[in-house]
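Colleague:
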Amino acid sequence: KWLEVEGFHPNQILSILYPNDPNIHPNMALSTNRLFVDHRLLHHLIVHQFLPTGGRYAKLSRMQAFLMWCILSKIEFCFPLLMLKTMVRAFTQKKSVLPFGSILTKIFQHNQIRLDGEVATKLKKEDTYNKSTLNRMGWNKQGGIWTYCPKVDQVQRIEREEQEENPPWEAHEEAQPAQAQGSSSSTDYDRMMEFMRSRFDSMQASLEEKFEQVNLRLISLEKDHVTIRSDFDNIDDTIYYDLKVARRRLKRLERKLAASKTIDTCEETSGDDSDSDAPPAAS
3 KWLEVEGFHP NQILSILYPN DPNIHPNMAL STNRLFVDHR LLHHLIVHQF
53 LPTGGRYAKL SRMQAFLMWC ILSKIEFCFP LLMLKTMVRA FTQKKSVLPF
103 GSILTKIFQH NQIRLDGEVA TKLKKEDTYN KSTLNRMGWN KQGGIWTYCP
153 KVDQVQRIER EEQEENPPWE AHEEAQPAQA QGSSSSTDYD RMMEFMRSRF
203 DSMQASLEEK FEQVNLRLIS LEKDHVTIRS DFDNIDDTIY YDLKVARRRL
253 KRLERKLAAS KTIDTCEETS GDDSDSDAPP AAS
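Take the position in the sequence shown, starting the count at 1, then add 2; the result is the number in this note's numbering.
1. Could you spell out the range, first to last residue, of the alpha helix (DSSP H) harbouring asparagine 113?
2. DSSP three-state label for leucine 242, please.
3. Output the distance between the C-alpha atoms of glutamate 172 and serine 63, rounded to the nearest integer angstrom.
4. Can you tell me where the alpha helix (DSSP H) with threonine 88 in it begins and where it stops?
5. With distances taken Cα to Cα, identify the nearest neighbour of threonine 107 among Leu5, Thr123 and Ala92.
6. With DSSP as the reference, label valine 121 as helix, strand or coil.
7. From aspartate 274 to glutamate 214, what does the alpha carbon distance come to, in whole angstroms?
8. Tell me whether valine 49 sits in a helix, a strand or coil according to DSSP, three-state version.
9. Under a Cβ-count criterion, where at least 16 other Cβ atoms within 10 Å of its own Cβ denotes burial, should histidine 227 be classed as buried or exposed?
10. Which residues bound the alpha helix (DSSP H) around threonine 135?
11. Hey, could you find the ends of the beta strand (DSSP E) asparagine 142 is sitting in?
12. In this structure, does DSSP put threonine 34 in helix, strand or coil?
13. Bridge partners of tryptophan 148, per DSSP?
14. Determine the DSSP secondary structure at valine 99, reduced to helix, strand or coil.
15. Straight-line CA distance for serine 222 to methionine 205?
16. Once the 5 residues before and after proline 82 are set aside, which same chain residues still bring their CB inside 6 Å of it?
17. To which residues of the same chain is tyrosine 20 closer than 6 Å at the C-beta, ignoring the five residues directly before and after it?
18. Suppose only complete runs of 3+ residues qualify. What are the beta strand (DSSP E) ranges in the segment 200-233, listed by chain order?
19. What are the start and end residues of the alpha helix (DSSP H) that includes asparagine 29?
20. Helix, strand or coil, according to DSSP, for glutamate 166 in the structure here?
21. Quick check on this structure: which residue in Trp4, Val39 and Leu5 has the alpha carbon closest to the alpha carbon of threonine 149?
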């Protein structure tokens, strides 16, 4: 469906793009091969540079027509937001390439982000717009007027593309119900935010699971620490008790040896009372 934006009606852009076709109406499939040279070139810029899409360019999507209306009418729109939407859409496709490679490279270089290891791709001649661009598109200047003269292979391709349906992403985009909006990009913004919100929710769930595992590990380590601390606090008493027992045994053995005249009688010294288990009094 067409975007519902204050001040915009599909008939406005259709009257600009197809001034000689009174039968054109918003519910028709729009063809780019019936555009004048300046509008055809503008559409070429949109599908190749502003919002890169798939390989079908014979049809004019409603979003592309809306952007052409904004540009021709000098209506401001949020281009960075449309770039993000295009990249998100490319990310969700099974076979896709991240668009805006040249623009992203300029941004990375401006912010001094190192691109070591990245494979550089040279710009193609199609990336430079000049007279050759129009010739490659099938336009030739005859009598000072640009005339659309596609080659034989181009005619066959155009006929085939005009019979094909819109690309899957454009069909999905048009199937979305458009609601009244205050700006040209509010619906796109909502869709992009919904996608990013779902990603963040997934990341949050994963992080919460990781934090729960870390907390369990910390609780286990805390219990081990308490056990080690308890053993450490009791180790002095245990060692002192073992020493007292060993000394009493040695004293008894010494007395037996003295009684049997095996050794001389030992002298009792203070602090060596074998019958006492109490520790020596502090001096």
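We put the CB at the ideal spot given by N, CA and C, even for glycine.
Modeller: Inspection of the coordinates gives the following:
1. From DSSP, asparagine 113 is part of no alpha helix (DSSP H); its letter is neither H nor E.
2. It is tyrosine, not leucine, that sits at residue 242 in the sequence shown. DSSP places tyrosine 242 in helix when its eight states are reduced to three.
3. Legend: pLDDT at glutamate 172 = 45, less than 50; position of this residue unreliable, value from coordinates given subsequently. Going from the Cα of glutamate 172 to the Cα of serine 63 covers about 7 Å.
4. Segment 81-94, the alpha helix (DSSP H) holding threonine 88.
5. With distances taken between Cα atoms, threonine 107 lies closest to Thr123.
6. Note: valine 121 maps to coil in three-state DSSP.
7. Because the pLDDT of aspartate 274 is 49, which lies under 50, any placement of that residue in the model is unreliable, and the question is left without a value.
8. Helix, per DSSP.
9. Taking a 10 Å sphere around the C-beta of histidine 227, we find fewer than 16 other C-beta atoms and assign the residue as exposed.
10. Per DSSP, threonine 135 belongs to the alpha helix (DSSP H) from 133-138.
11. Note, asparagine 142: beta strand (DSSP E), 141-144.
12. The DSSP-derived three-state label of threonine 34 is helix.
13. Per DSSP, the beta bridge partners of tryptophan 148 are Lys143.
14. Collapsing the DSSP output to three states places valine 99 in coil.
15. Distance between the alpha carbons of serine 222 and methionine 205: 26 Å.
16. Once the five neighbours on either side are set aside, proline 82 has no close Cβ partner at all.
17. Result list for tyrosine 20: Ile26, in chain order.
18. Along the segment 200-233, the beta strand (DSSP E) does not occur as any fully enclosed run of 3 or more residues.
19. Judged by DSSP secondary structure, asparagine 29 falls outside any alpha helix (DSSP H); it is assigned neither H nor E.
20. Interpretation of glutamate 166 is limited by its pLDDT of 48, a score under 50 that renders its predicted location unreliable; the figure taken from the coordinates is listed afterwards. Glutamate 166: coil per DSSP, three-state reduction.
21. Among Trp4, Val39 and Leu5, the Cα nearest to that of threonine 149 is on Val39.
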